[in-house]
Amino acid sequence: MTQNAFTTKNLTKVYGEGETAVHALRGVDLDIPAGEFVVLLGPSGSGKSTLLNIIGGLDRATGGQAWFLDRELTAMSDRQLTRYRRDHVGFVFQFYNLMPSLTALENVELVTEVAEDPMTAEAALAMVGLSNRADHFPSELSGGEQQRVAIARAIAKNPTVLFCDEPTGALDSETGRTVLTALRDVNERLGATVLIVTHAAATANMADRVIHFADGGIRDVLLNSTKLSPDEIEW
Amino acid sequence: MVSPLDRKLLRDLWRMKTQALAISLVVAVGVMLLVMMSGLVNSLDETRRAYYERYRLADVFAPVVRAPDRVLASLAGIEGVSAAEGRITGSALIDMPGSDLPVQARAVSLPDFGQPRLNAVYLSAGRWIDRRRSHEILLLKSFADAHGLEAGDTLSATMHGARRSFEIVGIAQSPEFLYTTAPGELVPDDSRFGVIWMSRTAMEAAYDLDGAFNEALMDIGREEDLPSVLAAADRILDAYGAVGAYGLEDQFSNRFVAEEIAGLRASSAGVPPIFLAVAAFLLNIVISRLLQAERQQIGLIKAFGYTNAEVTAHYFKLILTIAAGGAVLGCLLGLAAGAVLIGVYVQYYKFPFLVFEIDPASFIIAVSASVAAAAFGGLFALRRIFALTPAVAMRPPTPPDYSGTGRFGGLLKRVLDQPTRMVLRRFVRHPGRSLGAIAGVSAGMALSAGMMTVLAGFDEAVETTFSVIDRSDMSVSFIEPLPDRTLHALAQLDGVIEVEASRTLPVILRNGVHSYRGGVSGITSGARLQRAVDANGQALTLRGDGIILTPALADILQLQTGDRLRVDIRQGRRPQLDLVVTGIAESLLGAPSYMELPALNRALGEPNRVSGAYLRIDPLRRDAIYAALDAMPVVAGISVKQDAREAFQRMMDNGAGAMRFVMAAVAALITFGIVYNTARIAYAESAHDLASLRVIGFSKGEAAFVLLGELGLIVLLALPAGALLGYGLSHAIAAGFSTDLYQVPAIFSPDSLGVAGLAVLAAAIFSGWMVKRESDRADLVSALKSRE
Chain A
183 MTQNAFTTKN
193 LTKVYGEGET
203 AVHALRGVDL
213 DIPAGEFVVL
223 LGPSGSGKST
233 LLNIIGGLDR
243 ATGGQAWFLD
253 RELTAMSDRQ
263 LTRYRRDHVG
273 FVFQFYNLMP
283 SLTALENVEL
293 VTEVAEDPMT
303 AEAALAMVGL
313 SNRADHFPSE
323 LSGGEQQRVA
333 IARAIAKNPT
343 VLFCDEPTGA
353 LDSETGRTVL
363 TALRDVNERL
373 GATVLIVTHA
383 AATANMADRV
393 IHFADGGIRD
403 VLLNSTKLSP
413 DEIEW
Chain B
27 MVSPLDRKLL
37 RDLWRMKTQA
47 LAISLVVAVG
57 VMLLVMMSGL
67 VNSLDETRRA
77 YYERYRLADV
87 FAPVVRAPDR
97 VLASLAGIEG
107 VSAAEGRITG
117 SALIDMPGSD
127 LPVQARAVSL
137 PDFGQPRLNA
147 VYLSAGRWID
157 RRRSHEILLL
167 KSFADAHGLE
177 AGDTLSATMH
187 GARRSFEIVG
197 IAQSPEFLYT
207 TAPGELVPDD
217 SRFGVIWMSR
227 TAMEAAYDLD
237 GAFNEALMDI
247 GREEDLPSVL
257 AAADRILDAY
267 GAVGAYGLED
277 QFSNRFVAEE
287 IAGLRASSAG
297 VPPIFLAVAA
307 FLLNIVISRL
317 LQAERQQIGL
327 IKAFGYTNAE
337 VTAHYFKLIL
347 TIAAGGAVLG
357 CLLGLAAGAV
367 LIGVYVQYYK
377 FPFLVFEIDP
387 ASFIIAVSAS
397 VAAAAFGGLF
407 ALRRIFALTP
417 AVAMRPPTPP
427 DYSGTGRFGG
437 LLKRVLDQPT
447 RMVLRRFVRH
457 PGRSLGAIAG
467 VSAGMALSAG
477 MMTVLAGFDE
487 AVETTFSVID
497 RSDMSVSFIE
507 PLPDRTLHAL
517 AQLDGVIEVE
527 ASRTLPVILR
537 NGVHSYRGGV
547 SGITSGARLQ
557 RAVDANGQAL
567 TLRGDGIILT
577 PALADILQLQ
587 TGDRLRVDIR
597 QGRRPQLDLV
607 VTGIAESLLG
617 APSYMELPAL
627 NRALGEPNRV
637 SGAYLRIDPL
647 RRDAIYAALD
657 AMPVVAGISV
667 KQDAREAFQR
677 MMDNGAGAMR
687 FVMAAVAALI
697 TFGIVYNTAR
707 IAYAESAHDL
717 ASLRVIGFSK
727 GEAAFVLLGE
737 LGLIVLLALP
747 AGALLGYGLS
757 HAIAAGFSTD
767 LYQVPAIFSP
777 DSLGVAGLAV
787 LAAAIFSGWM
797 VKRESDRADL
807 VSALKSRE
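Line by line, the protein sequences give chains A and B. According to my numbering, the first sequence holds residues 183 to 417 in order. According to my numbering, the second sequence holds residues 27 to 814 in order.
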């Protein structure tokens with residue numbers, strides 16, 4: 183049996199308090215097997231990003247528990263969460279969040295310098311097909327290229343898990359496909375668990391597992407028997 | 027209905043409240059200093075004027091040897107004179123129990139009935155004297171306070187050779203004796219000189235001046251009449267041994283107070299504008315960076331169809347709220363601080379009451395200067411932003427362009443890690459911004475360094491005056507000029523190591539329309555104890571036909587080395603000399619001039635005369651020497667240098683000079699404000715990058731390096747620039763603090779620069795810690811969701 187990358191038990195998250203309190207997560211129980219390509223779907227405010235942030239170590243839960251492998255994330259200190267992000271987690275955001283003052287290669291090196299067991303920055307850029315743009319600053323790259331640098335930066339540490347929040351949200355469909363291809367490659371070649379939060383329902387067709395969110399909870403979980411390649415996805 | 031833009035304005039202000047407050051406070055502190063200083067100076071000046079007026083301080087003083095009372099009628103008849111009165115004054119020595127040194131004092135007559143018409147006194151305790159009791163006196167309050175004497179106490183004094191016992195029936199104050207100093211001493215000292223008021227009858231008896239006066243006081247209607255009144259009075263009184271009438275301007279106490287207030291006025295005119303300029307400069311930089319950070323929003327607002335004018339108005343409201351808020355706060359603080367300070371100064375100057383006078387002009391100047399600086403900074407930044415098309419805001423955010431900052435290759439590539447590269451590129455990418463920040467921090471450091479240098483200058487003034495120029499231990503003044511063989515008697519005293527002759531004479535120095543009434547010191551060539559020295563501390567050579575001036579005098583008289591001037595000696599046969607300025611001597615205290623003693627005596631036709639002596643003594647024999655000098659009938663007074671030095675130090679620490687501490691504190695505040703603002707803005711600009719770094723696994727410390735590295739780089743570069751600028755600024759500030767009474771040198775002082783540098787570093791470390799704390803608490807998720 184495959185080990186679970188993530189397990190949550192009755193995970194809750196409340197923003198604010200009293201009458202203005204917003205229940206972003208209302209007791210989520212979830213198992214995500216390691217090595218899977220997982221897509222989280224749902225309308226805005228359904229809790230999918232909140233879940234991603236908590237199990238990504240960016241935010242803290244209000245109640246319940248969450249585990250990464252056999253380690254309880256909800257019990258970790260700030261320092262331990264930093265360590266967890268540094269050693270195991272890669273992030274890709276809608277707005278690439280590259281350092282404008284560093285070149286593509288240097289942005290990736292930012293991670294390889296501090297990670298435990300990284301690949302070379304050059305290899306990471308090669309995986310996203312940007313070897314020839316290594317010395318360019320973000321301002322000299324297109325949106326898709328910037329996002330691929332962000333992916334290269336996320337995968338360069340050989341992450342155990344890769345979290346992507348709307349990775350194609352700011353991109354056109356052609357560029358979006360390239361980015362999704364890069365993510366699939368990471369999943370298949372590095373064996374990393376990939377979690378993607380998205381509005382683009384079509385992305386679900388390339389996932390192993392599709393989790394639908396609604397009202398701060400999981401509505402249903404679908405397992406895909408036949409995965410499509412990014413090229414086959416209809417936008 | 028509040029427009030949406032105005033609501034945005036209020037929310038923006040709330041959002042950036044810490045930053046806005048920090049900027050406002052820097053402006054407030056600059057404004058505060060200006061308002062406080064001008065209010066203080068105006069109030070003091072007005073209080074002095076009112077005090078003089080209420081107690082009818084005379085406009086003209088004419089000392090004589092002895093003149094019959096009937097002469098007063100002639101004086102009153104001089105055109106322009108509105109009142110004339112005669113009185114008797116005389117020197118006295120007060121024996122203070124428990125002290126070997128007798129204290130010099132002046133006895134002044136009061137009319138037998140009621141207050142004098144001129145130079146009235148204010149009775150602050152006790153009662154008025156009874157003319158029938160000749161042993162009753164009023165005592166000057168400052169002297170009484172210094173010695174713990176009260177109404178009802180007794181006191182013994184020697185007048186005209188006779189020792190008598192007196193009863194203090196009242197404690198009095200007078201605008202004539204705000205400052206007192208014993209003859210021959212430069213520095214006022216409450217405890218070293220007393221004033222006694224006695225009835226006219228008692229004074230006539232004590233000084234053997236029955237039916238006569240030895241000082242005439244006159245009031246004049248218009249200031250323009252002064253020269254002609256002085257000349258007429260001199261003519262009338264010449265036959266009665268007149269020393270020369272002089273105006274209030276040359277009256278000792280008034281000259282000191284006027285100089286002190288002038289000194290305060292000069293520092294208030296010279297120093298706060300420098301502070302305000304630095305604050306305004308900072309405001310300019312901060313506002314311009316603040317608006318740069320708003321460019322996305324500006325694009326967005328424009329995309330909605332707002333015109334450039336509307337956007338400008340919106341941001342101007344923001345800027346003006348911050349600047350005007352700071353300025354108004356500064357005015358209020360200035361009023362409050364001014365009120366406190368005025369209380370302190372009123373006590374220091376011994377005014378019995380206070381006239382509070384604010385200066386509306388200072389409010390207008392301060393507020394408009396701040397607002398103008400802010401508006402200018404805003405315009406400068408907005409001008410560039412208007413070039414943006416609204417589309418900028420509609421596209422996904424474009425990363426700032428760093429392609430011009432160079433790729434690191436070779437050695438640098440191996441040496442520099444990525445965070446360091448980020449710091450360097452951020453720095454190089456915005457040279458204007460970086461230089462602006464460096465300029466701001468160095469201006470702040472310069473302010474502190476300048477103030478510290480001036481603080482050191484005050485100490486240097488004391489050191490030069492009392493260690494380099496005057497190397498004696500004490501000085502002795504005689505009751506009248508004596509043959510110089512008297513010096514041998516002094517040299518014979520056990521414990522006296524060295525004796526040097528001196529003769530001080532009242533003079534009027536004239537160069538055309540410029541004149542100065544003061545004293546000239548006759549010293550021997552090759553003098554070792556009291557010297558005329560140049561700026562390097564080397565003794566200047568005296569010449570028989572020459573005079574050596576000090577910079578303050580040369581400035582008043584508009585003279586340089588080689589020029590000629592007329593010297594009217596106001597004693598003896600009153601010779602008028604035509605002398606050449608042979609040198610300018612360093613002097614940081616007073617405005618003395620020096621002549622060769624034998625030449626001075628030749629001019630007077632009184633060879634080999636001295637009026638006093640400088641002594642170097644064995645400290646172990648000090649008390650015995652005091653006692654021996656006290657027993658010598660020819661000794662009028664003894665001045666111990668250490669006492670004078672302490673009195674001088676007190677004067678500089680409590681009078682106009684005290685303002686230096688207030689200003690040093692304000693300088694430190696402004697310096698801190700600048701550094702803190704720089705750190706805050708750097709944080710605001712890099713918050714997003716910092717959050718990204720934290721997300722990819724950088725620890726708080728590692729992420730903060732990018733932020734603090736930039737701040738550190740700015741501070742490191744600002745330190746040398748600030749030191750240079752501070753040295754330059756110290757000259758301007760020192761000039762603002764210098765008066766006729768003392769000159770504050772701007773000396774190069776590595777210590778001062780070091781202290782200012784440390785202050786900047788401390789401010790940087792504290793500011794860095796503050797923003798790091800904020801960065802540590804930042805919500806990573808929301809930082810990353812926002813586009814900028």
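We treat Cβ as the ideally placed atom computed from N, Cα and C, and that holds for glycine.
The CB of M796 of chain B never comes closer than 9 Å to any CB in chain A; the least such distance is about 19 Å. Using a Cβ-Cβ distance cut-off of 8 Å, the segment 533-541 of chain B and the segment 667-674 of chain B are not in contact, since fewer than three pairs of beta carbons, one from each stretch, lie closer than that value. Residues of chain A with a Cβ closer than 9 Å to the Cβ of S460 of chain B do not exist; the shortest Cβ-Cβ separation is about 13 Å.
Residues of chain B whose Cβ lies closer than 8 Å to the Cβ of V296 of chain A are, in chain order, G723, F724 and E728. Following the DSSP letters along the chain, one finds I523 of chain B inside the beta strand (DSSP E) bounded by residues V522 to N537.
CA-CA distance, F282 of chain B to I582 of chain B, rounds to 16 Å.
For V271 of chain A, the nearest beta carbon of chain B is closer than 9 Å to its own beta carbon. Counting C-beta atoms within 10 angstroms of its own C-beta, S793 of chain B has 16 or more neighbours from the protein chains shown and is therefore classed as buried.
Take F219 of chain A, set aside five residues on each side of it, and the residues of its chain with a beta-carbon closer than 6 Å to its own are N369, V376, A389 and D390, in chain order.
The C-alpha of G273 of chain B lies about 43 Å from the C-alpha of L751 of chain B. Counting only runs of 4 or more residues that sit fully inside the segment 191-269 of chain A, the alpha helix (DSSP H) segments are 230-237, in chain order. The C-beta of S259 of chain A comes no closer than 9 Å to any C-beta of chain B. Residue pairing by DSSP puts I664 of chain B in a beta bridge opposite B:V502. Think of a sphere of 9 Å around the beta carbon of R799 of chain B: no beta carbon from chain A falls inside it, the nearest being about 14 Å out. Of all residues in the segment 443-468 of chain B, only D443, Q444, R447, M448, R451, R452 and R455 come within less than 7 Å of chain A when Cβ atoms are compared, listed by chain position.
Legend: CB atoms of the segment 230-261 of chain A lying less than 7 Å from CB atoms of chain B belong to residues N235, L240 and D241. Contact of E291 of chain A with chain B by beta-carbon distance below 8 Å involves Q444. Residue contact check for L806 of chain B against chain A: a CB pair falls below 9 Å. At a cut-off of 9 Å between beta-carbon atoms, R720 of chain B makes contact with chain A. With respect to the 9 Å criterion, V770 of chain B and V559 of chain B are not classified as neighbours on the basis of their beta carbons.
Listed as beta-bridge partners of H540 of chain B by DSSP are B:N537. Here A231 of chain B has S160 as same chain residues with Cβ atoms under 8 Å from its own Cβ, once five neighbours each way along the sequence are excluded. Taking C-beta atoms as the reference points, G360 of chain B and S388 of chain B count as a pair closer than 9 Å. If you draw a straight line from the Cα of L193 of chain A to the Cα of N387 of chain A, it comes to about 27 Å.
At least one CB of chain B lies nearer than 9 Å to the CB of T264 of chain A. In this structure, DSSP gives N406 of chain A a state outside helix and strand, which the three-state scheme calls coil. Secondary structure within the segment 222-270 of chain B: the alpha helix (DSSP H) runs of 4 or more consecutive residues, fully enclosed, are 226-233 and 252-263 (chain order). The bridge partners DSSP lists for G112 of chain B are B:A242. Close partners of D715 of chain B in chain A (Cβ separation under 7 Å): M281. Judged by DSSP secondary structure, D656 of chain B falls within the alpha helix (DSSP H) whose first and last residues are R648 to A657.
Our two residues, L353 of chain A and R315 of chain A, have alpha carbons roughly 19 Å apart in a direct line.
Our two residues, S718 of chain B and V807 of chain B, have alpha carbons roughly 9 Å apart in a direct line. Among the CB atoms of chain B, one or more fall inside 9 Å of the CB of E288 of chain A. Put simply, the CB of K339 of chain A is near chain B, with a gap under 9 Å to one of its CB atoms. Contact of R268 of chain A with chain B by beta-carbon distance below 9 Å involves I722, G723, F724 and S725.
In this chain, the alpha helix (DSSP H) harbouring P746 of chain B covers K726 to F763.
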